[in-house]
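The C-terminal residue of the sequence shown carries number 510 in this note's numbering, and the numbering is unbroken. Quick reminder that beta carbons are idealized off the backbone N, C-alpha and C, glycines included. Remember, predicted model here, so these are calculated numbers, not experimental data.
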Amino acid sequence: MKSKSSSSRHVLVIGAGIAGLCAAIRLAISGAQVTVVEKNSEPGGRCGRIAADGFHFDIGPTILLVPAVLEELFRDAGREMRDYLTVHPLSPNYRVHFEDGTHVTLWREREQLREELERIEPGSYQRFLAFNQGASQMMDAAMSRFVVQHFDSVRDFASLATLRDLVRARAYTTVSRNVARYFTDPRLRMAFSYQTMYLGLSPYFAPGIYGLLPYTELNDGVFYVQGGLYEIPRALEKLARELGVTFRYETAVTRLRPKGTRVDEAVLSDGSAVRVDVVLANADLPWVYDHLLPEAKLARRESLRFTSSGFMLYLGLNTQYETLLHHNTFFGANFRASFQEIFNDKVLPKDLHYYVATPSVSDPSVAPPGGSSMYILVPVPHQTHKIDWARAAAPLRERVLSALEQSVAPRLREHIVTERSIDPNGWASRFNLTHGSAFGLSLTLDQVGPFRPKNRDETFGNLYFCGASTQPGTGIPLVALSGRLAAERIVQEQGIVRPVASATQSIHV
Ligand SMILES: Cc1cc2nc3c(=O)[nH]c(=O)nc-3n(C[C@H](O)[C@H](O)[C@H](O)COP(=O)(O)OP(=O)(O)OC[C@H]3O[C@@H](n4cnc5c(N)ncnc54)[C@H](O)[C@@H]3O)c2cc1C
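In structure tokens:
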């Protein structure tokens, strides 16, 4: 490998997920040469899309929270996000349906929200305000303690100030217990606690701090990107290319070869080997340790806990259902038991709860005229020997479609003109997600902040990580931040400096 000045350092990013794209942009801004290799044919990873017969489906994320994180990235690149993406808040946020046929619609607008909450539980709006106030404190504590920070050791975290913030964040209790302090009606308790499922966590186990999720939705808003959330990676890829980042699709890294305490070479799926200066793995962190560099040691590997998975149906329909909003959640009779089944017993829940997105309600571009695109997510355990998806998928599909036909979508099956599905095995193979876990490593208290796998390997000094299973965590805003944290660290530690003038650049890959 020829010697290079620090300004010509090359970073190989493994994976074009949201985190990898955000990191690539920040590295390019800082003067690094960046190549992104992606095993699939398009950017986005879990935030990808399926296009079929005139229908567009977001594969994973459908809800964008805190778009300010992405806005900041565009601004740091000297651009405005609005020139790349049309992002707007939804109103209402979503509707939650209960097994008894009732529902509650959650609005950001306070007057409508007040009417809805009072209709379900008189007096509950005042208590919502108190809940909201508590969640605002959690938000401050979470952001300062767990999110926008590098953690190298527990010492970076342990202090009296941290302890104070953990108490303010109600980290010592669970989301369900915290919500029960404010609401009596079980429907409101469900409506204000199920958001932990965005992180693949049970509200009966998730630390109280995740009360910040409904807080964010009801104060900041639930956002949609015109064309679907897949427009986010498309826009990020466009920006990255403008900044000189190179992309290679349908190219997987199959092995990282170490030399001493550095990663020396990356072996690609075409059999070639390329020399590397710096590697930034956006591919799921545990998968990288298990498959690309078995010489490296991931602390506590055997005891790490993973989030749940999702059984997905993507349906192109030749009709539209006025009974459905853009975002809809359905709960079965036995809310608590279903979490026990998914997370502890690792079996399919007897009583299903599921989420349905019909983005065509707000965006006609995602379906042909007169039709609609329907995305169904059924929370299920991550891969386990107890569930054989070759047998389980078809009956589960029938259960969900029957339930929807009986509640809000009569004769649904007759209206399906195109259909795709993904089960935990599909998540595992499509994106190399360990155990097919949809959201990566759990964000339980013992796996956040300094207790989450770090964004740089302990032994191999030029191997970094970004994405859902490293710091700070999962979801679009957090993985975008993980890209920023990893890029900042690489720039600082690998001595990358912005070139004075555009010098001749040598690309390795
Ligand atoms: C069903 C579902 C619903 C979700 N809903 C929401 C939501 O509404 N809102 C929200 O904010 N978040 C949501 N999330 C979470 C969000 O999608 C993720 O946290 C985020 O997209 C993860 O991004 P990432 O960059 O960490 O990883 P990924 O998206 O997994 O990107 C990693 C990339 O690396 C590639 N790769 C893997 N191995 C290799 C290799 N060896 N060589 C080359 N490339 C490789 C993969 O193909 C992938 O493109 C959802 C997730 C799922 C699954």
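- Message: Are the CB atoms of asparagine 433 and tyrosine 250 within a distance shorter than 8 Å?
- Response: No, Cβ-Cβ distance for tyrosine 250 and asparagine 433 is not below 8 Å.
- Item | Exposure label - alanine 69; buried when at least 16 CB within 10 Å | exposed
- Item | the segment 81 to 90 in contact with the segment 384 to 394 per 3-pair CB rule at 8 Å | no
- Task: For the alpha helix (DSSP H) containing arginine 235, list its first residue and its last residue.
- Result: 232 to 243
- Task: Take every Cβ of the segment 54 to 62, pair it with every Cβ of the segment 313 to 321, and state whether three or more of those distances are shorter than 8 Å.
- Result: yes
- Which class does arginine 337 belong to by DSSP, given the choice of helix, strand or coil? Arginine 337 falls in the helix class under three-state DSSP.
- By a C-beta neighbour count over all protein chains shown, 10 Å radius and 16 as the cutoff for buried, is serine 92 buried or exposed? exposed
- Item | valine 455, buried or exposed, once every other Cβ within 10 Å from all chains shown has been counted against 16 | The sequence shown places lysine at residue 455, not valine. That one is buried.
- Task: Spell out a yes or no on whether the segment 221 to 237 and the segment 466 to 475 are touching, meaning 3 or more CB-CB pairs, one atom from each, closer than 8 Å.
- Result: no
- Mind checking whether the beta-carbon of lysine 40 lies closer than 7 Å to any heavy atom of ligand 1? Taking the Cβ of lysine 40 as the reference point, at least one heavy atom of ligand 1 falls within a distance shorter than 7 Å.
- asparagine 345 (DSSP reduced to helix, strand or coil): Correct three-state label for asparagine 345: helix.
- In whole angstroms, what separates the C-alpha of isoleucine 210 from that of glycine 272? As the crow flies, the alpha-carbon of isoleucine 210 is around 46 Å from that of glycine 272.
- Item | Exposure of alanine 395, with buried meaning 16 or more beta-carbon neighbours within 10 Å | By the 10 Å Cβ count, alanine 395 comes out exposed.
- Message: Can you tell me whether tyrosine 465 sits near ligand 2, meaning its C-beta is under 7 Å from at least one heavy atom of the ligand?
- Response: Ligand 2 is absent from the structure shown, which contains only ligand 1.
- Query: Does the distance from the CB of alanine 404 to the CB of tyrosine 322 come in under 8 Å?
  - Reply: no
- Message: For proline 425, tell me which candidate among Gly437, Arg109, Val418 and Tyr356 has the shortest Cα-Cα distance.
- Response: Gly437
- Opposing strand residues paired with arginine 50 [DSSP bridges]: DSSP lists Asp59 as partners of arginine 50.
- With proline 215 as the anchor, note down where its alpha helix (DSSP H) starts and where it stops. 213 to 220
- Task: Kindly indicate which three-state DSSP category glutamine 134 falls into: helix, strand or coil?
- Result: helix
- Tell me the start and end of each unbroken alpha helix (DSSP H) in the segment 255 to 339 that is at least 4 residues and wholly inside, in chain order. none
- Close beta carbons around alanine 25, own chain, < 6 Å, minus the five adjacent residues each side: Val14, Val35, Val37, Ala241 and Val246
- Item | Beta-carbon contacts of arginine 306 that lie in its chain and below 8 Å, excluding the five residues immediately before and after | Leu442, Ser443, Thr445 and Gln448.
- Who are the Cβ neighbours of threonine 175 in its own chain at under 8 Å, not counting the five residues just before and after it? Pro204, Tyr205, Phe206, Ala207, Pro208 and Gly209
- Query: First and last residue of the alpha helix (DSSP H) that includes glutamine 407?
  - Reply: 390 to 408
- Message: For the beta strand (DSSP E) containing serine 374, name the first residue and the last one.
- Response: Per DSSP, serine 374 belongs to the beta strand (DSSP E) from 373 to 381.
- How many angstroms separate the CA atom of glutamate 420 from the CA atom of serine 373? 12 Å
- Check: leucine 66 C-beta below 7 Å from any heavy atom of ligand 1: yes
- Query: Along the chain, where does the beta strand (DSSP E) that runs through glutamate 420 open and close?
  - Reply: Segment 417 to 423, the beta strand (DSSP E) holding glutamate 420.
- Near ligand 1: aspartate 101 beta-carbon under 7 Å from a heavy atom: no
- Can you name, in chain order, every residue of its own chain whose Cβ lies under 7 Å from the Cβ of tryptophan 390, other than the five neighbours on each side? Asp424, Pro425 and Asn426
- Message: For leucine 65 and glycine 462, I'd like the C-alpha separation in whole angstroms.
- Response: Their backbone Cα atoms lie some 34 Å apart in a straight line.
- Query: Under 8 Å between the Cβ atoms of alanine 78 and proline 44?
  - Reply: At a Cβ-Cβ threshold of 8 Å, alanine 78 and proline 44 do not count as neighbours.
- Quick one: residues in its chain with C-beta nearer than 7 Å to the C-beta of methionine 375, no 5 flanking neighbours on either side, listed in chain order? Leu316, Leu318, Val357 and Thr359
- Query: By how many angstroms is the C-alpha of leucine 202 removed from the C-alpha of alanine 282?
  - Reply: 24 Å
- Where does phenylalanine 1 fall in DSSP's three states? Nothing about residue 1 can be read from this structure; the chain reaches only from 2 to 510.
- Kindly indicate which residue of Pro451, Phe224, Asp221 and Val264 has the alpha-carbon position closest to the one of alanine 300. Pro451
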